[in-house]
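When we follow this note's numbering, the leftmost residue of the sequence shown carries the number 2, and every step to the right adds one.
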Amino acid sequence: MASFLKRLGLFSFKHKWIVISAWLAIVSVVLGLMFTFQKPASDNISIPGTEAQTTIEKAEKLFPNAGGGTGRIVFEAPAGKTIDDYKGVIDQTLADAAKAKDVEQIISPFVYEEAVSKDRRIAFAQLQLSVSRNNVTDQTAEEVATSLSIARQGGLSAEAGGDIVRLAPSEILGIGEILGVVVAAIVLIVMFKTVFAAGLPLMVAIFALVTGVGAVFALSGVVEINATTPVLAVMLGLAFLSTSRHLPS
């Protein structure tokens, strides 16, 4: 392997413009395929054939409602007031939320005392959904969120929680990843003493990262990929970037 890498390095050095042109061509093709064929990633995690997946499928058949998603709507009354003073507003809010897509049942906080705080300023309603948490749609989340305006206009503070909250997907390149690249660049510059030498492993890593992540998104048009797959691809690419500073100069 060492001799192969040596020959590859010598070839790349002697034919640097051909190699660089090939890199750019590959990246261009991969990005073109990505923008043409990519599809949204899925939040579902399924590994067909495994014992765990078989158990999950059997449980869904035997207990179709047990795997349904759940949510909560939390109400808070202003200082000096209790939720009892806003019972009508809460009932109206829950009645509107019950019309949201896939909401099967809502249990009012006035049904059982455990849902109300001791000072009776805070209470929550429990929502039962007819679909699993992975299948909760944006429409359901938006419709439940819209119903909260009734409580807020009535003088209450109201927030939703649980599976009906649509969290923003993890950024593939967030501030943490960018800072990591900057720190790696500084370390490489200190070690190699020149910006040019430090830039070579950075450039290789970035090209590999763009190509790998682009290929993952391009394949999403053919096979279903999980939402965490691109993030893992970036993590592996950054791991290569972090180890490149240990290469001999």
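The beta carbon of each residue, even a glycine, is placed where N, CA and C say it ideally should be.
- Under the 10 Å beta carbon count, G215 is surrounded by 16 or more other beta carbons and is classified as buried.
- 8 Å or more divides the Cβ of A99 from the Cβ of P110.
- Within the same chain, Cβ atoms closer than 6 Å to the Cβ of F218 are found at M35, Q39, the five residues on either side in sequence being excluded.
- In this structure, the straight-line span from the alpha carbon of L11 to that of G181 is close to 30 Å.
- Under DSSP, the beta-bridge partners assigned to V104 are L130.
- Residue state for E225 is assigned as coil, using DSSP reduced to three classes.
- Within a 10 Å sphere around the beta-carbon of Y113 sit fewer than 16 other beta-carbons, which makes this residue exposed.
- For the 8 Å CB-CB criterion, T141 and K102 form a contact.
- Along the region 137-212, the alpha helix (DSSP H) occurs as fully enclosed runs of 4 or more residues at 139-154, 176-193, listed in sequence order.
- If you draw a straight line from the Cα of V211 to the Cα of T230, it comes to about 14 Å.
- Taken through DSSP and simplified to helix, strand or coil, R121 comes out as coil.
- The beta carbons of I74 and L128 sit closer together than 8 Å.
- In the three-state scheme derived from DSSP, where H, G and I count as helix and E and B as strand, F111 is classed as coil.
- In this structure T94 is buried. Its beta-carbon is surrounded by 16 or more other beta-carbon atoms within 10 angstroms.
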